[in-house]
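Following: one structure in structure tokens, then a few remarks.
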Amino acid sequence: SRSGGAGGQNVNKVSTKVMLEIDVAELVGPPAALARVVAALSPVLRVSSQTARSQFRNRELCLERAMERIDEAAAPPAPPRRKTKPSRGAIERRLQSKKQRSETKRQRRGDW
């Protein structure tokens, strides 16, 4: 189909839009990564591009986007955050700012 965007009259004359469909079940790679990819992406990964003026460049863009999506899905999840206690300095700074805020508000009050 026709692309939108830059290209002037060229846009009206040529069909440069590219649609890429990848069957996720047919990908090859490490089993653990493949399991994450299959779970994260739908059975068919669809990527389209119509931003470039040439079909060749749109094809390259589609491949880049598809590889990025697959790499993101294949990456192992980040380890869970370990809870830590606030440092003594952090606690003191928080209490000091609370005291300053309290003092500022106390000064705003008028003794009526």
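In our numbering, the protein residues as written are 1 to 112.
The beta-carbon is built from N, C-alpha and C at its ideal position, and this holds for glycine as well.
Because the structure is a prediction, the values reported are computed rather than measured.
For residue i, which residues from the same chain have a beta carbon less than 7 Å from its beta carbon, with the 5 sequence-adjacent residues on both sides left out?
i	result
residue 54	16
Tell me, please, whether the CB atom of residue i is closer than 8 Å to any CB atom in chain D?
i	result
residue 24	Here chain D cannot be found, since the structure has a single protein chain.
Would you tell me roughly how many angstroms separate the C-alpha atoms of residue i and residue j, rounded to the nearest one?
i	j	result
residue 78	residue 87	24 Å
residue 67	residue 14	27 Å
residue 93	residue 19	55 Å
residue 82	residue 76	17 Å
residue 22	residue 70	10 Å
residue 80	residue 33	19 Å
residue 85	residue 51	50 Å
residue 49	residue 30	29 Å
residue 90	residue 40	39 Å
residue 65	residue 98	48 Å
residue 42	residue 96	52 Å
Rounded to whole angstroms, how far is the Cβ of residue i from the Cβ of residue j, which I believe are closer than 8 Å?
i	j	result
residue 24	residue 38	6 Å
residue 36	residue 73	6 Å
Which partner residues of residue i appear in the DSSP bridge assignment?
i	result
residue 22	45
Near residue i, what residues of its chain come up, given a Cβ to Cβ distance below 8 Å and the 5 sequence neighbours on each side ignored?
i	result
residue 110	none
residue 28	34
residue 44	21, 22, 23 and 24
residue 10	53
Can you find the residues in the same chain that come closer than 6 Å, C-beta to C-beta, to residue i, ignoring five residues on each side of it along the sequence?
i	result
residue 63	none
Check whether the stretch 52-71 touches the stretch 84-104, taking contact to mean three or more Cβ pairs, one atom from each stretch, closer than 8 Å. no
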